[in-house]
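Throughout the sequence shown, residue numbering follows the working numbering, covering 14 to 157 in sequence. Even glycine gets a Cβ: it sits at the ideal position worked out from N, Cα and C. Here's the structure, in structure tokens; my notes come after.
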Amino acid sequence: MLKRISKRRVLLVDDEPDVCMVYQIVLQMAGYDCRYYTDSVKALNEFVPSYYDLILLDVKMPVLDGFELHKKIRDLDKNIQIIFTTAGGEYHDEIIKQLSMEENNKFTYIQKPIGNDELIRVLNMIMGEPTRYGRYADSNVKSV
């Protein structure tokens with residue numbers, strides 16, 4: 014497992030509790046401070062602007078999907094980095110459409126499943142932390 018130099022705060026929002034628990038353990042073992050929500054509405058209601066460095070945000074969730082939550086969080090915190098996660102490639106075009114409207118339109122999304130080491134490599138790279146590899150090695154990671 015790749016290790017991080019300093020703690021960074023990650024918010025994970027995914028309606029699958031098992032995914033949340035696994036990601037939280039992996040991120041904590043790599044030195045990240047991770048909090049998760051399985052309810053996107055609760056995540057929005059309890060969101061604290063400028064507290065988190067990055068959000069891992071599932072696309073397909075009930076009530077408030079990842080795209081809607083993304084827009085609402087952006088209204089509260091323009092600087093937060095957001096990585097969409099999805100179990101299917103069918104959301105690729107919608108992710109590009111949603112994020113191409115942002116001023117800073119370089120973004121990443123992760124197609125699940127993703128290996129633990131690869132998840133940490135991606136987060137380290139996005140947050141400017143040292144990583145063992147200079148590029149994404151996993152085909153499940155898309156950078157646009």
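- In the DSSP assignment, V32 falls outside any beta strand (DSSP E) and within the unbroken alpha helix (DSSP H) covering 30 to 42.
- The beta carbon of Y49 is closer than 6 Å to those of L25, C33, Q37 in its chain, skipping five residues each way along the sequence.
- Under the three-state reduction of DSSP output, L136 falls in the helix class.
- Residue environment for V135: buried (at least 16 other C-beta atoms within 10 angstroms of its C-beta).
- Counting C-beta atoms within 10 angstroms of its own C-beta, S63 has fewer than 16 neighbours from the protein chains shown and is therefore classed as exposed.
- Assignment of L69 by DSSP, reduced to helix, strand and coil, places it in the strand class.
- Assignment of alpha helix (DSSP H) within the stretch 72 to 103, counting only whole runs of 4 or more residues, yields 79 to 89 in chain order.
- For V54, the three-state secondary structure derived from DSSP is helix.
- T98 and L57 do not touch by the CB rule: their CB atoms are close to 17 Å apart, not below 8 Å.
- Within its own chain, the residues whose Cβ lies closer than 8 Å to the Cβ of D66, once the five positions on either side in sequence are excluded, are R21, R22, V23, I93, Q94, M140, listed in chain order.
- A direct Cα-to-Cα measurement between M74 and D106 gives close to 18 Å.
- Just so you know, the alpha carbons of Q41 and K55 end up roughly 22 Å apart.
- Spatial neighbours of S53 in its own chain (CB-CB distance under 6 Å, excluding positions within 5 residues in sequence) are listed in chain order as V26, M74, L77, L82.
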